[in-house]
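A short worksheet on the structure shown next.
Residue numbers (this note's numbering): 536 to 841.
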């Protein structure tokens, strides 16, 4: 068998659930391919001076074989990805996994395969996203009014935050911490693991467990490289990425519970929303949901509420 050269890129450190899942992927591949495998991992391309958003282009061009990245960024290419980002719609992980592992996920994979030079080979868990800020506790939409919040490069994210009263600004994740430290932004939103691992909790006293979005990461593979592999290699890659995905999802769920206990409550106030408070947020963003889904075919609607 010819040498199999793989290069997997990411934007997080060695202890993140994504990086640990890549290690599972590499170890599983190594067991099957042995000396025929040449596996390179770029843990964090931001350490190379590149923005995290470069990952998609790096896989598209073949500079990388694989990467993981937020699925939200693919809505620029396939608008139906917005259906994964309807605010306050995902109640638990089981609902999210049923969506991406079922008909909606398969539909999106096919659309990307038609439109791009990469394909989606798996879906990883980026965790529920929560608000943090330096100004005041956020318990209802009125508390969001006028706060400058960092947003992903996503129309539905920006519309959601604007509807709540925030002033959203897009910043690549490479600029997030400096914007928080300098006070360029008053607020941000992220998974708890990122809030803790990026040290945002050292600058934002208030963390609201809003669960306004459930973050999903796509694992992308350069299409020409994938298609060039013999069938047996593709089968090994597919089985290995499935094992890595199973590990990643378990790690993500466990870490979310663990990290909540690691916040110093003398420095941070953790705010849990009651049912009425959560309903007020959901009601406020309902026009964003209605306007988004109105642009899609009716047959896709059933995929959202599984």
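For every residue, glycine included, the Cβ atom is placed at its ideal position computed from N, Cα and C.
query: Residue closest to residue 715, alpha-carbon to alpha-carbon, out of 755, 694, 737, 695; result: 737
query: Cα-Cα separation, residue 841 to residue 537; result: With a pLDDT of 42 at residue 841, under the threshold of 50, the modelled position of that residue is not reliable, and the figure given next carries that caveat. Spanning the two alpha carbons is a distance of roughly 43 Å.
query: Cβ separation of residue 724 and residue 684, assumed to be a contact under 8 Å, to the nearest whole Å; result: 7 Å
query: Other residues of its chain near residue 563: CB distance less than 8 Å, five sequence neighbours each side excluded; result: 774, 775, 778, 779
query: Sub-7 Å separation of residue 593 and residue 546 beta-carbons; result: no
query: Opposing strand residues paired with residue 703 [DSSP bridges]; result: 684
query: Residue range of the alpha helix (DSSP H) that includes residue 784; result: 766 to 795
query: Contact check, residue 823 vs residue 614, beta carbons under 7 Å; result: no
query: Cβ shell of residue 808 (< 6 Å), same chain only, five flanking positions each side left out; result: none
query: When 718, 662, 658, 597 are compared against residue 637, the one with the closest alpha-carbon; result: 658
query: Test item: CB-CB of residue 674 and residue 812 under 7 Å; result: yes
query: At least three beta-carbon pairs within less than 8 Å, the stretch 565 to 574 to the stretch 585 to 592; result: no
query: With 16 other Cβ atoms within 10 Å as the buried cut-off, status of residue 790; result: buried
query: Cβ shell of residue 711 (< 7 Å), same chain only, five flanking positions each side left out; result: 685, 723, 733
query: N- and C-terminal bounds of the beta strand (DSSP E) containing residue 575; result: 572 to 577
query: Residue 665: first and last residue of the uninterrupted beta strand (DSSP E) it sits in; result: 653 to 668
query: Whole-Å CB distance - residue 609 paired with residue 831, under 8 Å assumed; result: 15 Å between Cβ atoms; not a contact.
query: Bridge partners - residue 726, DSSP secondary structure assignment; result: 664
query: Proximity winner among 687, 756, 701, relative to residue 709 (alpha-carbon distances); result: 687
query: Classification of residue 797 by the beta-carbon crowding that lies within 10 angstroms, buried from 16 upward; result: exposed
query: Other residues of its chain near residue 651: CB distance less than 6 Å, five sequence neighbours each side excluded; result: none
query: Beta-carbon proximity of residue 622 to residue 819, cut-off 7 Å; result: no
query: Residues near residue 540 in its chain [Cβ-Cβ closer than 7 Å; skip 5 each side]; result: 573
query: As assigned by DSSP and simplified to three states, the class of residue 540; result: strand
query: Beta carbon of residue 741 nearer than 7 Å to that of residue 793; result: no
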